[in-house]
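So the protein lines, in turn, are chains A and B. One point on numbering: in the working numbering, the residue at position 6 of the first sequence is -5, and numbering is uninterrupted. One point on numbering: in the working numbering, the residue at position 310 of the second sequence is 1072, and numbering is uninterrupted.
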Amino acid sequence: MELETRIYQKENNIRIGKLLKDSLGDIYSSRFLAKQLAVRDIKAQYRQSYLGILWAFITPLTTAFVWIFLNSTDTIRLSDTGIPYPVYAFSGTLIWSIIVEAINSPTASTNAARGILSKINFPKEALIISGIYKLLFNSLIKIIILLVFVFLYGVGFHWSLLLFPLAITGAILFGTTIGLFITPIGMLYKDIAKIISMGLSLLMYVTPVVYAIPKEGIMKQLMELNPFTPLILTARDFITGATPEYITYYLGIVLVCIPLFFLGLLFYRISIPILVERMSA
Amino acid sequence: MNNQSDILVKVEGLSKKFCKDLKTSLWYGVKDLTSNVLGKSKQQGLRPKEFWAVKDINFELRRGECLGLIGHNGAGKSTLLKILNGLINPDEGKVTIKGRVGALIELGAGFNPILSGRENIYNNGAVLGFTKAEIDAKVEEIIDFAEIREFIDMPVQNYSSGMKVRLGFAVAAQMEPDVLIIDEVLAVGDLGFVLKCFKTIDTILPNTAIVFVSHNMPMISRICNKIILMENGVSKLQGKGVAAAIDKYYKRFAQNESNVVFDDGSIELQKVDMIDAKTNVRIKELNWDSSLKFYFKFKIKQPMNSPLFNIIVMDKEQRPVALLERNNKEYMISGSQNEIEFFVTHENVQLSKGIYSISIAALKPTSLEPLLRVNNVLSFQIIHNDENWQPFLLKTTYNYV
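Structural data, given as structure tokens:
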């Protein structure tokens, strides 16, 4: 029997093709590990709490409630959104929270595995994949809640609703790709996590999460440039059955993200030994 | 499969540098990241605030061989293990490893405290690279091996630390590695567990190349047939001479300072010497089977009856291995006498080769209450040609019939 041979040395030249092949090979070989880690975390998360699943969507819901309250009491005046405002606000905050979670997911998974990263050699890609599994699970719950609201407020069923999961998949891909590039630096410096969380909370105000894009002005330009805008709007349009105005921008983002995602995986793979060397277990 | 000659681990000129300062280390991390991603590797040598944690290590390891890695704390042993395990990349040199690598560096990796033992078998197994089918097939065996069937569905956070380690080892023991890396994990657990670990290691050793890090020298000499003594990242001594390396390791810690651990002020040790022994730099040398002879001189500060003397021979790890027979009570000192001097002799010393030290205690003759106890008053080395790790080498005659 031929034994598998591994060589460890300072990498002098990186061959993208071989790296990518190794990376994908590891993803395939570690599929059980990825699943097991996701199942472990999900089980543990819910076993130690009574409210359990509620925590997955309580933050976006409260944000939405605040805005619904502000709007309904005329504290602020929002332009017409075209659909019942609660549905607009709920869908916005829920989709937004999915994207934010996706951005944070690679860093969170890697951080949680610090202890084993510095002790055991296992395919690190499994951490990313298990993060995606957890994301899908949490997103599924959020989507179900969202659908309840949609029918509660009488938006009704549209065939485009079937495309909604695809739109969410695109959003998750986008978020995870960003997360993959952030993780290596974020593991070294704590500042990164702070910057990201602050940046995202500001970014929400130039994204049509709880209010629509204004008709004109600098805000309109900003919002239309913002890559988060097409993700939110396209997903929302699929729910309400409206014509997705930003579908081209959306598809463009997804098309750019696919190669970037694999590039991010390679970046992650290359960076792990350097991180393990520099971080405390 | 069981080819004795195939080299499983080959290490050539392996070096690794670390940084002493965290902020600088992180910044170098960013630099390494970018240079790695861009595929550049121009810088060699040390940057400011860096040092070599591992420098120019070379060795080969075949199936059936066990390499002991010893050295003081911070000598670079764990760093070397991390490189061998592929956790961090070397800065210079090359490691070639053939076959499945198993690492007993942390037992129970991937455990989640909230989940039950059974669920965690799957978590741990997955991290170690088992497939679901493999774990399914072995789960009962693992539970039996860990001897915790009764508690297997209890959350792991309620396990005792010993139980956790047993469960972790039971999973790890299912690996069938070609190369096994062991780091100090066997130190925990009760005697039964340690014995079990040894049994497992003994059974897999013939088909495996093992790299074993430990501070437990008897364990090293029991298992290993090759050794590297590391000091400040470099290999000081290397090869088949396990005992020589262990001696050298101990010499580093040979402390010549005696310490008084108990003193009631009535008697004081003034002089101690070893008679008929060669003095080599800092230690007395004596051939095996010759006479062990000490000279002691005490000053008596308060009038007393003749004390009893407990002279204890300690091994390198400060374990008492022998007691010299006590002096008899008939020996009397007069009230005005303020000194006691005596020789004590043990013929044909049969301690096995190695370094020993002696401690002496003076006791009240009747109540055996201590008056004085001094540890490590003198160190000596027993010389013999044969290596053995048991504490005694007893002289024998064989009569063939």
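We put the CB at the ideal spot given by N, CA and C, even for glycine.
{"Query": "C-beta atoms of residue 196 of chain A and residue 217 of chain A nearer than 8 Å", "Result": "yes"}
{"Query": "Straight-line gap, residue 1104 of chain B to residue 1062 of chain B (C-alpha atoms, nearest Å)", "Result": "14 Å"}
{"Query": "Neighbour list for residue 111 of chain A in chain B, Cβ cutoff strictly below 7 Å", "Result": "889, 891"}
{"Query": "Cβ pair residue 780 of chain B, residue 815 of chain B closer than 8 Å", "Result": "yes"}
{"Query": "Runs of beta strand (DSSP E) lying entirely within the region 1073 to 1153 of chain B, each at least 3 residues, in chain order", "Result": "1082 to 1086, 1101 to 1108, 1116 to 1125, 1132 to 1145"}
{"Query": "Counted within 10 angstroms of its Cβ, other Cβ atoms place residue 809 of chain B as buried (16 or more) or exposed", "Result": "exposed"}
{"Query": "Bounding residues of the alpha helix (DSSP H) (the contiguous stretch that carries residue 798 of chain B)", "Result": "784 to 799"}
{"Query": "Members of the region 31 to 54 of chain A that neighbour chain B once the beta carbon cut-off is set at 7 Å", "Result": "32, 33, 36, 37"}
{"Query": "Sequence-distant residues of the same chain with beta carbon closer than 7 Å to residue 1133 of chain B, five excluded per side", "Result": "1026, 1028, 1029, 1069, 1124, 1125, 1126"}
{"Query": "Coil, strand or helix - residue 841 of chain B by DSSP", "Result": "helix"}
{"Query": "Residues of its chain near residue 945 of chain B, where Cβ-Cβ distance is below 6 Å and the 5 sequence neighbours each way are ignored", "Result": "843, 867, 975"}
{"Query": "C-beta contact flag for residue 247 of chain A and residue 889 of chain B at 8 Å", "Result": "no"}
{"Query": "Residue range of the alpha helix (DSSP H) that includes residue 916 of chain B", "Result": "Where residue 916 of chain B is concerned, there is no enclosing alpha helix (DSSP H), given that its DSSP letter is neither H nor E."}
{"Query": "Close-in-space but distant-in-sequence residues of the same chain around residue 904 of chain B (CB under 7 Å, 5 per side omitted)", "Result": "883, 932, 933, 936"}
{"Query": "Residues near residue 1035 of chain B by beta carbon distance below 6 Å, same chain, minus five either side", "Result": "1057"}
{"Query": "Identified DSSP bridge partners for residue 994 of chain B", "Result": "DSSP, once it has assigned bridges, lists no residue as partnering residue 994 of chain B."}
{"Query": "Interface residues of chain A facing residue 874 of chain B [CB-CB closer than 7 Å]", "Result": "29, 33"}
{"Query": "Test: residue 858 of chain B CB closer than 8 Å to a CB of chain A", "Result": "yes"}
{"Query": "Distance, residue 772 of chain B Cα to residue 764 of chain B Cα", "Result": "Residue confidence is low: residue 764 of chain B scores 48 on pLDDT, short of 50, so the model does not pin down where it sits. Its coordinate-derived value is still stated next. Cα to Cα, residue 764 of chain B sits roughly 18 Å from residue 772 of chain B."}
{"Query": "Nearest-angstrom Cα separation, counted from residue 839 of chain B out to residue 270 of chain A", "Result": "For residue 270 of chain A, the pLDDT reaches just 49, beneath the cut-off of 50, and the residue's location in the model is therefore unreliable, leaving the point undetermined."}
{"Query": "Backbone CA spacing between residue 75 of chain A and residue 119 of chain A [nearest angstrom]", "Result": "33 Å"}
{"Query": "The region 59 to 78 of chain A contacting the region 130 to 143 of chain A, beta-carbon criterion three pairs below 8 Å", "Result": "yes"}
{"Query": "Under the three-state DSSP convention, the category residue 231 of chain A falls into", "Result": "coil"}
{"Query": "Beta carbon proximity, residue -6 of chain A to chain B, threshold 8 Å", "Result": "yes"}
{"Query": "Proximal chain B residues relative to residue 256 of chain A, where beta-carbon distance stays under 7 Å", "Result": "799"}
{"Query": "Per-residue burial, residue 29 of chain A [other beta carbons within 10 Å of its own, 16 or more giving buried]", "Result": "buried"}
{"Query": "Chain B contacts from the region 171 to 182 of chain A (Cβ-Cβ distance under 8 Å)", "Result": "173, 174, 177, 178"}
{"Query": "Distance CB(residue 1060 of chain B)-CB(residue 1099 of chain B) smaller than 8 Å", "Result": "no"}
{"Query": "For residue 855 of chain B and residue 790 of chain B, the rounded distance between their alpha carbons", "Result": "20 Å"}
{"Query": "contact_flag[the region 106 to 114 of chain A, the region 847 to 865 of chain B] where n(CB pairs < 8 Å) is 3 or more", "Result": "yes"}
{"Query": "Stretch pair the region 157 to 177 of chain A + the region 246 to 261 of chain A: three plus CB contacts closer than 8 Å", "Result": "yes"}
{"Query": "DSSP state of residue 846 of chain B mapped onto helix, strand, coil", "Result": "helix"}
{"Query": "Proximal chain A residues relative to residue 848 of chain B, where beta-carbon distance stays under 9 Å", "Result": "-5, -3, 110, 262"}
{"Query": "Near the ligand ADP: residue 1153 of chain B beta-carbon under 7 Å from a heavy atom", "Result": "In the structure on display, the ligand ADP does not appear, and there are no ligands present to speak of."}
{"Query": "Chain-ordered chain A contacts of residue 852 of chain B [CB-CB under 8 Å]", "Result": "-3, -2, -1"}
{"Query": "Buried or exposed (CB count within 10 angstroms, at least 16 for buried), residue 4 of chain A", "Result": "exposed"}
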